[in-house]
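>
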Amino acid sequence: MGLFRQLIDKPWQVQTADGPATDGGPAFPVHRRSVAMYVFLAIVGVLFFLLVAAYHMRIILSTDWVALPEPPLLWVNTGVLVLCSLAFQRACGAIRGDLMDRARFGFLLAGVLTLVFLAGQSIVWKQLVGMGYFVSSSPANSFFYLITAVHGCHLIGGLVAWVRVALRMQSNVDAADLVLSFRLCAVYWHFLLLVWVGMLALFLTT
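Number 175 in numbering that gives the first Met the number 0 belongs to position 176 of the sequence shown; there are no gaps in the numbering.
(1) Short check: CB of L80 to CB of L158, under 7 Å?
(2) For T82, which three-state DSSP category applies?
(3) Enumerated in chain order, which unbroken segments of the alpha helix (DSSP H) with a length of 4 residues or greater are wholly contained in the stretch 38-111?
(4) Tell me whether the beta-carbon of S180 lies closer than 7 Å to the beta-carbon of V162.
(5) Label Q169 either buried or exposed according to how many other C-beta atoms from any shown protein chain fall within 10 Å of its C-beta, with 16 as the threshold for buried.
(6) Grab the span of the alpha helix (DSSP H) containing M198 for me, first residue to last.
(7) With distances taken from CA atoms, which of V45, R89 and P71 is nearest G105?
(8) Taking F202 and F143 to be in contact with their CB atoms under 8 Å, please state how far apart those CB atoms are, rounded to whole angstroms.
(9) At the level of alpha carbons, what is the spacing between C184 and A160?
(10) Going along the chain, which residues of its own chain have a beta-carbon closer than 7 Å to the beta-carbon of V209, five neighbours each way excluded?
If you want it as structure tokens, here you go:
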């Protein structure tokens with residue numbers, strides 16, 4: 000329920016320690032960050048939609064399409080990404096309850112799990128290459144590496160923001176601003192989890 004509320008929250012309603020902030024000068028920088036996040040996610044969504052459309056079109060036009068096998072590690076990586084998203088969700092709940100130790104642990108755990116996921120994906124690539132499924136071997140191979148690489152790049156970009164927030168936790172920053180930073184990171188990772196699940200469904204059904 001908490002995840003659903005996060006995804007439908009109005010981006011122009013900035014949360015503060017006393018509740019939703021009203022429109023005004025001091026809240027504008029935070030308002031701008033929220034809007035920028037949702038606009039960016041919309042652009043990312045369009046990018047993945049275009050990749051999926053090109054994927055399906057290539058299948059229709061191709062006479063040499065051979066689907067890749069799904070290494071079992073893909074499912075392990077999916078579980079890691081789910082745990083990562085849950086860790087962000089728990090961190091958001093903890094920081095809203097002013098439980099800083101729990102919030103800090105959940106936030107740092109989410110970052111570590113993201114690194115584990117990326118390492119797992121690099122192992123999947125090595126396994127596929129070891130079985131002879133090279134990038135240029137077939138259209139199916141090329142699309143798999145491309146789509147998973149784009150997803151991984153977005154996670155790496157998220158880690159850059161994660162590092163910045165982790166560093167700010169060590170200094171005296173405004174509590175409402177820190178709550179918003181946690182929330183935006185959580186929404187970003189939830190979105191990338193949904194994209195990943197959609198990608199798996201795409202690969203498994205073609």
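The beta-carbon is built from N, C-alpha and C at its ideal position, and this holds for glycine as well. Keep in mind the model is a prediction, meaning the values are calculated, not measured.
Reading it off the structure:
(1) no
(2) What sits at residue 82 in the sequence shown is Leu, not Thr. L82: helix per DSSP, three-state reduction.
(3) 72-95
(4) no
(5) exposed
(6) A174 to L203
(7) R89
(8) 7 Å
(9) 8 Å
(10) The structure shown has nothing for residue 209, since the chain only spans 0 to 205.
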